[in-house]
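Those protein sequences? They're chains A and B, same order as listed.
With the numbering used here applied, the first sequence corresponds to residues 1 to 428, in that order.
With the numbering used here applied, the second sequence corresponds to residues 1 to 328, in that order.
Backbone N, C-alpha and C fix where the C-beta goes; we use that ideal spot for every residue, glycine too.
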Amino acid sequence: MRLKLMAALAATVMGVAPALADLTIPALNYRTGPYAPSGIPYADGFSDYMTMLNERDGGIGGEQINVLECETGYNTEKGVECYEQTKGQGALVYIPQSTGITYQLIPKATADEIPIWSVAYGRTSAVNGKVFEWIFNLPGTYWDAASIMTKYAMEQEGGSLDGKKIALVYHNSAYGKEPIRTLEKLSEKHGFELVLLAVDHPGQEQKSQWLQIRRERPDYVFMWGWGVMNQVAIQEASNIRFPMDKFIGVWWSGSEADVVPVGEGADGYKSVTWHGAGTDYPAMQEIKSTVIDAGLAAGDGTKFGEVGYNRGVYTAAVLAEAIRQAQEASGTSDIDATQLRDAMETLEISDARFEELGLPGFTGGFQLSCAQHSAPRTAFIQQWNAADQTWTPVSDFMEPDLEVIDPLIMEDSMAYAEENGITPRECD
Amino acid sequence: MPDQLLFGMEVFLNGLMAGVLYALVALGFVLIYKASGIFNYAQGVMALFAALTLVGIMEGQVPFSHLINAIFGTEVHHFGWHLPAVVGIVLTIVVMIGLAWAVNAFIMRHLVNQEPIILFMATIGLAYFMEGLGDLMWGADIKKLDVGLPQGINTAIDEATYDFFGYGFFIDNLDIWATVIAIILVAALMLFSQYTKQGRALRAVADDHQAALSVGISLNFIWVLVWSIAGFVALVAGIMWGAKSGVQFSLSLIALKALPVLMLGGFTSIPGAIVGGLIIGVGEKLFEFAIGPLVGGATENWFAYVLALIFLVFRPQGLFGEKIIERV
Numbered sequence: 001m002r003l004k005l006m007a008a009l010a011a012t013v014m015g016v017a018p019a020l021a022d023l024t025i026p027a028l029n030y031r032t033g034p035y036a037p038s039g040i041p042y043a044d045g046f047s048d049y050m051t052m053l054n055e056r057d058g059g060i061g062g063e064q065i066n067v068l069e070c071e072t073g074y075n076t077e078k079g080v081e082c083y084e085q086t087k088g089q090g091a092l093v094y095i096p097q098s099t100g101i102t103y104q105l106i107p108k109a110t111a112d113e114i115p116i117w118s119v120a121y122g123r124t125s126a127v128n129g130k131v132f133e134w135i136f137n138l139p140g141t142y143w144d145a146a147s148i149m150t151k152y153a154m155e156q157e158g159g160s161l162d163g164k165k166i167a168l169v170y171h172n173s174a175y176g177k178e179p180i181r182t183l184e185k186l187s188e189k190h191g192f193e194l195v196l197l198a199v200d201h202p203g204q205e206q207k208s209q210w211l212q213i214r215r216e217r218p219d220y221v222f223m224w225g226w227g228v229m230n231q232v233a234i235q236e237a238s239n240i241r242f243p244m245d246k247f248i249g250v251w252w253s254g255s256e257a258d259v260v261p262v263g264e265g266a267d268g269y270k271s272v273t274w275h276g277a278g279t280d281y282p283a284m285q286e287i288k289s290t291v292i293d294a295g296l297a298a299g300d301g302t303k304f305g306e307v308g309y310n311r312g313v314y315t316a317a318v319l320a321e322a323i324r325q326a327q328e329a330s331g332t333s334d335i336d337a338t339q340l341r342d343a344m345e346t347l348e349i350s351d352a353r354f355e356e357l358g359l360p361g362f363t364g365g366f367q368l369s370c371a372q373h374s375a376p377r378t379a380f381i382q383q384w385n386a387a388d389q390t391w392t393p394v395s396d397f398m399e400p401d402l403e404v405i406d407p408l409i410m411e412d413s414m415a416y417a418e419e420n421g422i423t424p425r426e427c428d
Numbered sequence: 001m002p003d004q005l006l007f008g009m010e011v012f013l014n015g016l017m018a019g020v021l022y023a024l025v026a027l028g029f030v031l032i033y034k035a036s037g038i039f040n041y042a043q044g045v046m047a048l049f050a051a052l053t054l055v056g057i058m059e060g061q062v063p064f065s066h067l068i069n070a071i072f073g074t075e076v077h078h079f080g081w082h083l084p085a086v087v088g089i090v091l092t093i094v095v096m097i098g099l100a101w102a103v104n105a106f107i108m109r110h111l112v113n114q115e116p117i118i119l120f121m122a123t124i125g126l127a128y129f130m131e132g133l134g135d136l137m138w139g140a141d142i143k144k145l146d147v148g149l150p151q152g153i154n155t156a157i158d159e160a161t162y163d164f165f166g167y168g169f170f171i172d173n174l175d176i177w178a179t180v181i182a183i184i185l186v187a188a189l190m191l192f193s194q195y196t197k198q199g200r201a202l203r204a205v206a207d208d209h210q211a212a213l214s215v216g217i218s219l220n221f222i223w224v225l226v227w228s229i230a231g232f233v234a235l236v237a238g239i240m241w242g243a244k245s246g247v248q249f250s251l252s253l254i255a256l257k258a259l260p261v262l263m264l265g266g267f268t269s270i271p272g273a274i275v276g277g278l279i280i281g282v283g284e285k286l287f288e289f290a291i292g293p294l295v296g297g298a299t300e301n302w303f304a305y306v307l308a309l310i311f312l313v314f315r316p317q318g319l320f321g322e323k324i325i326e327r328v
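Quick look at the structure:
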């Protein structure tokens with residue numbers, strides 16, 4: 001009798017457990033807490049794209065995609081808990097969605113041999129794949145963003161920033177301080193004055209910083225903000241009548257949630273980004289018909305086409321392509337984390353391939369390598385139109401000043417290697 | 001006049017205005033502490049909850065719509081109305097009174113005569129519960145709050161100071177309105193506590209709740225009343241702060257701005273909250289202006305606490321707090 005009971009229990013457990021052949025992708029989402037307005041659109045976009053692949057194609061290479069959602073609340077400790085809870089379930093890759101969580105997971109995932117993909121956040125010097133074998137940070141880094149923003153400002157000023165003044169309003173944290181070194185180097189190179197204005201977390205009160213901007217009259221203001229800091233900064237800029245077309249935010253300061261609460265005052269505000277906004281892409285329309293209209297959406301569908309949603313779609317599309325290439329390279333549909341890592345190191349998605357995926361002109365094509373874990377490292381500037389409630393590109397894709405940035409990446413990554421006793425690999 | 005002096009004057013005025021906003025949050029703490037001896041950790045979340053409710057009601061959002069849709073498979077999100085701000089504010093006050101009744105009926109009434117630390121812990125639980133409830137009811141999106149208050153530079157002050165000093169001062173219209181509203185609010189609270197029966201009962205409870213009980217004052221009623229008033233003050237603070245940043249969950253963190261104000265002004269004094277707010281506002285802004293650039297900026301958060309600690313060392317009960325003398 002006892003044996004029968006145990007057999008029944010085992011059968012039940014096997015019945016409810018996910019099929020082992022599923023492609024398991026933990027999603028460390030934050031749908032609750034103060035940062036939920038940024039976390040929800042991304043989480044919806046990522047899940048909806050994967051659901052579309054499951055519904056339309058039966059998954060990838062015949063394997064269903066199993067997105068394991070784990071709520072972090074944008075809390076580093078909870079993020080690490082999510083990692084520990086899910087890593088034993090056949091996790092193929094982790095996308096931490098937080099620089100803090102990324103930093104915690106770098107040594108853990110390296111030891112566990114599971115790739116980490118920090119999508120344009122995390123440790124900048126992880127670009128150096130010779131040192132960071134399991135960490136990827138495509139499509140670009142904060143240092144690339146700082147350089148591209150400077151380049152754009154220079155173009156707007158007729159090719160020179162000599163004698164100009166740029167103020168950086170930044171979140172007073174490791175994340176917010178990331179661009180300082182790059183901007184200091186660029187100010188030396190191009191002869192502009194850099195004014196640094198730190199804003200303490202959470203950034204609800206910024207009167208002092210914006211009074212100083214009013215006094216200093218910088219030619220441009222760059223922003224490295226997060227959460228409520230973004231909306232307050234844009235509101236304060238509007239209050240002091242700073243020309244919004246000279247106010248440029250990093251890609252985490254450039255979503256609908258940052259500008260809509262400010263209303264008309266946010267009109268003309270700009271941000272750097274690496275992917276398109278809106279729904280005017282075949283893949284987006286397929287998500288609408290296959291997932292949202294079919295009632296299979298992860299959220300309520302209201303975030304469809306927002307910057308954060310499309311960022312989730314970008315991440316899912318690139319990851320799905322990496323899985324496809326891993327399946328082709330390994331000759332098996334049931335890939336493991338190592339096979340995915342190997343495929344990511346040779347991952348190539350051309351502009352033509354993005355078009356085949358239903359995302360023409362959505363983002364730049366790229367090729368990764370063992371040595372270069374981030375590509376294409378290009379981005380463009382988008383501008384907010386408050387009347388139409390749309391983001392419009394106002395520049396082409398631009399490359400960063402690699403002459404300035406790459407030596408910094410090399411210096412930082414080699415210092416990390418030395419601190420951690422890592423011998424860099426020999427590869428290209 | 002030297003530029004630095006002019007800039008300093010502008011910073012001073014803006015510090016005063018910021019101080020009023022801090023004082024608005026601190027007022028809610030003072031009201032509850034004065035009447036019941038409870039340090040209400042949930043005051044910041046009450047401001048958030050009130051602002052969320054106000055926007056939800058004004059925009060005709062269906063409360064708990066995600067939950068309703070998930071359970072019943074429906075697709076209801078909006079009632080289809082947009083209410084004027086005045087109606088929204090009145091309905092939100094009704095909700096906050098209901099909340100005050102519920103807090104008293106389900107939590108505080110059962111904790112009478114418990115240690116202050118137990119009551120404090122209860123308010124921590126209440127804060128997290130209300131944050132979750134707000135999320136369930138109204139969702140986690142950032143909401144634009146527009147109750148018709150003007151925002152942006154006050155051109156009259158800008159032009160007048162420009163004509164006088166050759167430099168136009170920046171004063172935000174919203175801050176001016178916040179100051180006017182705070183003055184009206186404090187005056188109303190003073191009048192209420194001095195000249196109404198309920199106000200006198202409230203003061204009696206604040207002085208000695210056992211003596212108040214012995215003359216027939218209902219503690220339950222007084223506590224519902226005081227939580228309702230604190231809820232109203234939280235609504236005013238939520239409107240002012242929500243108009244600046246949109247209504248979002250980090251609004252609850254404004255409570256952090258009230259703590260140094262309370263340490264400085266005292267936990268039991270309404271004038272203390274106002275004066276404390278002004279001192280903190282001016283102090284932190286002037287320090288950031290004068291010293292901030294020398295030490296890398298972002299001094300306001302910690303300097304407010306340093307300032308409060310300095311006052312605390314010399315006046316532990318705060319500037320206007322009641323001195324506690326225990327005789328053996």
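query, result
"Pairwise C-alpha distance: Pro393 of chain A and Ile405 of chain A", "25 Å"
"Thr273 of chain A versus A:Glu286, A:Ser255, A:Met414, residue with shortest Cα-Cα distance", "A:Ser255"
"Cross-strand partners of Thr392 of chain A (DSSP beta bridge)", "A:Gln383"
"Unbroken beta strand (DSSP E) run spanning His171 of chain A, endpoints", "165-171"
"Nearest neighbour of Lys177 of chain A, chosen from A:Leu347, A:Leu296, A:Ala146 [CA to CA]", "A:Ala146"
"Outcome for Gly107 of chain A when other beta-carbon atoms lying within 10 angstroms are tallied against a minimum of 16", "Inspection of the sequence shows that residue 107 of chain A is occupied by Pro rather than by Gly. Exposed is the call here."
"Length of the line joining the Cα atoms of Pro271 of chain B and Leu185 of chain B", "12 Å"
"C-beta atoms of Ala109 of chain A and Gly263 of chain A nearer than 9 Å", "no"
"Amino acids of chain B, ordered along the chain, whose beta-carbon sits closer than 7 Å to that of Gly227 of chain A", "Ser250"
"Chain A residues whose Cβ lies nearer than 7 Å to that of Asn301 of chain B", "Asp200"
"Three or more C-beta pairs below 8 Å linking the region 193-200 of chain A and the region 162-182 of chain A", "yes"
"Beta-ladder partner(s) of Leu319 of chain A, from DSSP", "Leu319 of chain A is not bridged to any residue."
"Three-way DSSP call (helix, strand, coil) for Lys143 of chain B in this model", "strand"
"Distance between beta carbons of Ile254 of chain B and Val25 of chain B, contact taken as under 8 Å", "5 Å"
"Range of the contiguous beta strand (DSSP E) that encloses Pro26 of chain A", "23-29"
"Helix, strand or coil at Glu77 of chain A according to DSSP, with G and I counted as helix", "helix"
"Whole alpha helix (DSSP H) elements within the region 251-294 of chain A, 4-residue minimum", "256-259, 282-287"
"Gln198 of chain B in three-state terms, based on DSSP", "helix"
"Within chain A, partners of Gly292 of chain B - CB distance below 8 Å", "Ser208"
"Candidates A:Pro407, A:Glu55, A:Val67, A:Asp57, of which the one nearest Asn29 of chain A by Cα", "A:Val67"
"Contact check, Thr315 of chain A vs Tyr42 of chain A, beta carbons under 9 Å", "yes"
"CA-to-CA distance, Val45 of chain B to Ile89 of chain B, given in whole angstroms", "17 Å"
"Local Cβ density within 10 Å of Met58 of chain B, reported as buried at 16 or more and exposed below that", "buried"
"Spatial distance of Val313 of chain B from Phe320 of chain B (CA atoms)", "14 Å"
"Euclidean distance between Cα positions of Ala85 of chain B and Leu54 of chain B", "8 Å"
"Between the CA atoms of Leu119 of chain B and Trp348 of chain B - distance to the nearest angstrom", "Coverage of chain B is limited to positions 1 through 328, which leaves residue 348 of chain B absent and any answer about it impossible."
"Proximity winner among A:Thr24, A:Val259, A:Met229, A:Ser374, relative to Thr346 of chain A (alpha-carbon distances)", "A:Ser374"
"Rounded C-alpha distance that separates Lys151 of chain A from Thr102 of chain A", "28 Å"
"Residue from A:Asp219, A:Leu340, A:Phe46 whose Cα sits closest to the Cα of Gln325 of chain A", "A:Leu340"
"Leu24 of chain B at chain A interface by Cβ criterion, 9 Å", "no"
"CB contact below 9 Å: Glu10 of chain B versus chain A", "yes"
"Members of the region 31-65 of chain B that neighbour chain A once the beta carbon cut-off is set at 8 Å", "none"
"Residue from A:Glu133, A:Val260, A:Asp44 whose Cα sits closest to the Cα of Asp428 of chain A", "A:Glu133"
"Beta bridge counterpart(s) of Met52 of chain A as assigned by DSSP", "DSSP, once it has assigned bridges, lists no residue as partnering Met52 of chain A."
"Where Glu84 of chain A falls, given that 16 or more other Cβ within 10 Å makes a residue buried", "exposed"
"Asp112 of chain A - DSSP class collapsed to helix/strand/coil", "helix"
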